[in-house]
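Each residue of the sequence shown is one higher than the one before, starting from 0 at the first, in numbering that gives the first Met the number 0. Note that CB positions come from ideal geometry on N, CA and C, so glycine has one too. Read through the structure below, which is laid out as structure tokens, and then see the notes.
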Amino acid sequence: METSLKRAYDTVIIRFSGELWLKKLWTRKYYEKRLVKNLKATLKHYKVKYSELVRRHGRFYLKTTSAIEATDKLARVFGISSISPAIETTSKFDDVIESSLLLAGTTLKKGNSFAVRCKRVGKQDYSSADVQKLLGQRVLDEFSKKLDLRVNLGNPDVVLGVEIRDDQAFVYSETIVAVGGMPLGVQPKLIGLFSGGIDSVIGLWLVMKRGCPVIPIYFDNSPFTDETTTERALRVAEVLFSWSIGFPRKVYIVQHGENLKQIMETNRKYSCLLCKRMMYRVAERLAHQLWAEGIVTGEAIGEQASQTLTNLKVLNESVKEYPVHRPLLGFDKQETEAISRKIGTYEVSSKKAAPCTAV
């Protein structure tokens, strides 16, 4: 059944993030152009073949024989609210019903409840209610006895979706919630302080979701840490880069151990805070060299001794030219870990690595 359904799918419906509709026309066009570029880069990276990617009626429609694979990969592209593999047909009433029945026959399982939802744009000689009523009845007539189906308009197991757009129609049974946010690249790039731990990568990911490409900078504190810390950070970076296909996949590594050694010799009591201030200064210099517009960190209020409000103020004072962004400022650990699990970094970030012995 699943194999025949994969063959039947020939289209992916890509719905924009709702925020794009709030922008002025010229801004929205710029965002959509960036989104198209990111979609194409992702498809090329994963070698997903397609024949056409077009925009109609506030949607992108991707024509491909690999709709399931495309859906899985594109759901990770920032700027998309949801995505559905679909079957395209004409807007003729009989064609809509027959294609929907084909989908129903390969999707519905024994004991399922279902509902039909129809959206329509254009002039047809029938209404959305006509489609919902007749299709629902035909599904019951053809499959109810065999599968013991029932209608549930409130909370169905399966929603048979129909989108009719002028002379075209698309039928689908699955709507995958995508990542949302803004297309990556519509905002300036930022330098991201990156340790490979749970918090830092989520801080970077959250500004990426708002459209900012991020350049990670990692500080190698050897001999106060060992190679396991660096190896973990680079593995986490690979997961982060999977969310930014089409953008540079580069981590800047700074040999920071000698700086930390000098700090320890002169002021051990405040070594952690002074170490962090040095990191900020290096990040600021890199931001200047790479034409970035600021620095982003994964710091949260009170998460560590260096992250009290007083100490965060001290850290801010080490940076003169660029703003420091802290998207996790009000998050607790459970909220951060939930995002980490969602985006796929938790398993790698939580692996044991040698702690910094300078603390």
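- In the three-state reduction of the DSSP assignment, Asp9 falls in the coil class, being assigned neither a helical nor a strand state.
- Using a 10 angstroms sphere on the CB of Leu289, the tally of other CB atoms stays under 16, which defines it as exposed.
- Contact between the region 208-220 and the region 165-185 is present: three or more C-beta pairs spanning the two stretches fall below 8 Å.
- By the 16-neighbour rule on beta-carbons within 10 angstroms, Glu298 is buried.
- Counting every other CB atom within 10 Å of its CB across the protein chains shown gives Glu283 a total of 16 or more, marking it as buried.
- By the criterion of at least three beta-carbon pairs nearer than 8 Å, the region 114-125 is in contact with the region 156-176.
- In the structure shown, the three-state DSSP call for Phe59 is strand.
- Val11 sits buried, since 16 or more C-beta atoms from the chains shown fall within 10 Å of its C-beta.
- Glu97 has no beta-bridge partner at all, per DSSP.
- Setting aside the 5 residues that flank it on each side, Leu328 is surrounded in the same chain by Glu298, Ala299, Ile300, each with a C-beta closer than 8 Å to its C-beta; the list follows chain order.
- Inclusion of Leu100 and Arg149 in the CB contact set at 8 Å is not warranted, their separation being larger than that value.
- Excluding sequence positions up to five before and after Ser65, its CB lies within less than 7 Å of the CB of Val47, Lys48, all in the same chain and listed in chain order.
- The C-alpha of Val35 is placed about 20 Å away from the C-alpha of Arg248.
- Within the region 205-237, no run of alpha helix (DSSP H) reaches 4 residues while sitting entirely inside it.
- A check of alpha carbon separations from Ser305 across Ala291, Met278, Leu285, Lys319 identifies Met278 as the nearest.
- Taking the CA atoms as reference points, Lys62 sits about 52 Å from Thr307.
- Fewer than three Cβ pairs drawn from the region 141-155 and the region 163-173 lie within less than 8 Å of each other, which leaves the two stretches out of contact.
- For Val200 against Ser348, the beta-carbon gap comes to about 6 Å, under 8 Å, which counts as contact.
- The Cβ atoms of Ala74 and Ile175 lie closer than 8 Å to each other.
- Straight through space, the alpha carbons of Ile67 and Lys108 are spaced by roughly 19 Å.
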